[in-house]
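Written below as structure tokens is the structure these notes are about.
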Amino acid sequence: MNIQWYPGHMTKTRRQMAEYIKQVDAVCEVVDARIPQVSRNPDMEEIAAGKPRLIILNRIDLADPAATASWARWFREKGWAVIETDSRLGQGTQAFASAVRALLADKIAQWNEKGQIGKSVRVMVVGIPNVGKSTFINRILGRKSAKAADKPGVTRGSQWFRVESGIDLLDTPGILWPKFDDERVGLLLAVTGAIKDDILDVETLGCKLMELLAARAPETIAARYGVAAPEDSDFPGYDLLQQAGKKRGFLLRGGEIDTERMARILLDEFRGGVLGRITLETPEEYA
Numbered sequence: 116m117n118i119q120w121y122p123g124h125m126t127k128t129r130r131q132m133a134e135y136i137k138q139v140d141a142v143c144e145v146v147d148a149r150i151p152q153v154s155r156n157p158d159m160e161e162i163a164a165g166k167p168r169l170i171i172l173n174r175i176d177l178a179d180p181a182a183t184a185s186w187a188r189w190f191r192e193k194g195w196a197v198i199e200t201d202s203r204l205g206q207g208t209q210a211f212a213s214a215v216r217a218l219l220a221d222k223i224a225q226w227n228e229k230g231q232i233g234k235s236v237r238v239m240v241v242g243i244p245n246v247g248k249s250t251f252i253n254r255i256l257g258r259k260s261a262k263a264a265d266k267p268g269v270t271r272g273s274q275w276f277r278v279e280s281g282i283d284l285l286d287t288p289g290i291l292w293p294k295f296d297d298e299r300v301g302l303l304l305a306v307t308g309a310i311k312d313d314i315l316d317v318e319t320l321g322c323k324l325m326e327l328l329a330a331r332a333p334e335t336i337a338a339r340y341g342v343a344a345p346e347d348s349d350f351p352g353y354d355l356l357q358q359a360g361k362k363r364g365f366l367l368r369g370g371e372i373d374t375e376r377m378a379r380i381l382l383d384e385f386r387g388g389v390l391g392r393i394t395l396e397t398p399e400e401y402a
């Protein structure tokens, strides 16, 4: 499953971010708590090198709570500040201002000593497409200023916002990176909605997601779809998709199972949290 998606505006945005980084005091990186490491753009290590970092584990309402706690510890051990949020409902977002001030405490103290009391800190907010970055910013601002939608590629231009607590935010468009060397990375980004569905084969993606869920949450797909991973199957994801489609009565002419329809439903239900709180990677995989 070879996924390549790098629109022209992403190249432009990367250049702009490299310039903007000189103007900010810290970088706030919004990631999807279901795939915390995969949803981090590796280019940010170069772009934001040397800047204090705050990781926002967003969409915790869709992720396994124990796994989210493990990821928070993992990032903190790397020296980064972390807050856990459900931006849609506002859970955890109130901790943002204090987390930024704690992260930049030394710099703020230096400003105060120079008589620059009350000087606003400047934070660049980054994140790949569809991790909830704009929704997070709107929660921080307490108003709907950043365009938000449940699909990738909505924010196209960089915007500055003033936060009442004396923090200036720079919202940047979500960008991916030019090439996924690891098929697993592209897969996890695709099933969580970071890549537009219209460039993908939905049936193949549904098969891959079934394989993931069979490994990560077999009891969930058994309860929801009445399926179990077949033994010694060369195509377990497809077999599971067929089982689920048959159980739902998704039949085409001639009795063929409509696996494409089942795949779309599976993706929608996973992304919408219908299947429960599931995290698709763990810190141990990066030990």
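In my numbering, each number is its position in the sequence shown, counted from 1, plus 115.
Every residue, glycine too, gets a C-beta built ideally from N, C-alpha and C.
Measuring only the C-alpha atoms, how far is residue 175 from residue 164?
Looking up residue 175 in the sequence shown gives position 60. Looking up residue 164 in the sequence shown gives position 49. For residue 175 and residue 164, the distance between alpha carbons rounds to 27 Å.
Looking at residue 286 and residue 273, is the spacing between their C-beta atoms short of 9 Å?
Translated into the one-based positions of the sequence shown, residue 273 becomes position 158. Translated into the one-based positions of the sequence shown, residue 286 becomes position 171. Contact flag set, yes.
If you run the structure through DSSP and keep just helix, strand and coil, what is residue 375?
As a position in the sequence shown, residue 375 is number 260, starting the count at 1. Three-state result, residue 375: helix.
Compare the beta carbon distance of residue 187 and residue 172 with 9 Å and say whether it is the shorter of the two.
Translated into positions along the sequence shown, residue 187 becomes position 72. Translated into positions along the sequence shown, residue 172 becomes position 57. Contact: yes.
Would you mind stating whether residue 194 and residue 201 have Cβ atoms separated by less than 9 Å?
What you label residue 194 is simply residue 79 of the sequence shown in a count that begins at 1. What you label residue 201 is simply residue 86 of the sequence shown in a count that begins at 1. Taking the C-beta atoms as reference points, residue 201 is found no nearer than 9 Å to residue 194.
If you drop the 5 nearest sequence neighbours on each side, which residues of the same chain put their C-beta closer than 6 Å to that of residue 133?
As a working mapping, residue 133 is identified with position 18 in the sequence shown. So the qualifying residues of the chain are 162.
DSSP beta-bridge partners of residue 275
Against the sequence shown, residue 275 aligns to sequence position 160. As a beta-bridge residue in DSSP terms, residue 275 pairs with 285.
How long is the line joining the alpha carbons of residue 280 and residue 178, rounded to whole angstroms?
Taking the sequence shown and counting its residues from 1, one reaches residue 280 at position 165. Taking the sequence shown and counting its residues from 1, one reaches residue 178 at position 63. The straight-line gap from Cα to Cα measures roughly 29 Å.
Look up residue 382 in the DSSP assignment and give the residues it is bridged to.
Residue mapping note: residue 382 aligns to position 267 of the sequence shown, counting from 1. Paired residues: none, contrary to the question.
Can you tell which of 189, 327, 212 has its C-alpha closest to the C-alpha of residue 306?
Reading the sequence shown from its first residue, position 191 is the one you call residue 306. For residue 306, the nearest C-alpha among the options comes from 327.
Inter-stretch contact (C-beta, 8 Å, three-pair minimum) for the stretch 296-304 and the stretch 357-370
Using a C-beta cut-off of 8 Å, the stretch 296-304 makes no contact with the stretch 357-370, since fewer than three inter-stretch Cβ pairs fall below that distance.
Does the distance from the CB of residue 395 to the CB of residue 378 come in under 9 Å?
Locating residue 395 in the sequence shown gives position 280, where the first residue counts as 1. Locating residue 378 in the sequence shown gives position 263, where the first residue counts as 1. It is not a contact, given that the beta carbons lie outside the stated cut-off.
Going by DSSP, name the residue or residues bridged to residue 238.
Translated into the one-based positions of the sequence shown, residue 238 becomes position 123. Per DSSP, 141, 284.
With a threshold of 6 Å on Cβ separation, who are the neighbours of residue 154 within its own chain once the five nearest residues in sequence on each side are excluded?
Mapped onto the sequence shown, residue 154 falls at position 39. Answer for residue 154: 146, 147, 243, 246, listed in chain order.
Compare the Cα-Cα distances from residue 400 to each of 369, 217, 189, 160 and report the closest residue.
Against the sequence shown, residue 400 aligns to sequence position 285. Nearest neighbour of residue 400 by Cα position, chosen from 369, 217, 189, 160, turns out to be 189.
Please report the distance separating the alpha-carbon of residue 397 from that of residue 185.
What you label residue 397 is simply residue 282 of the sequence shown in a count that begins at 1. What you label residue 185 is simply residue 70 of the sequence shown in a count that begins at 1. About 8 Å.
Taking the beta strand (DSSP E) that residue 346 falls in, what are its first and last residues?
Along the sequence shown, read from residue 1 onward, the residue named residue 346 stands at position 231. No beta strand (DSSP E) holds residue 346; DSSP gives it neither H nor E.
Can you name, in chain order, every residue of its own chain whose Cβ lies under 7 Å from the Cβ of residue 219, other than the five neighbours on each side?
Walking along the sequence shown from the start, residue 219 turns up at place 104. Excluding residues within five positions, the ones whose Cβ falls inside 7 Å are 140, 141, 167, 236.
Report the residue from 223, 275, 315, 205 whose alpha carbon sits nearest the alpha carbon of residue 135.
As a first step, residue 135 must be located in the sequence shown, where it is residue number 20. The shortest C-alpha separation from residue 135 is found at 275.
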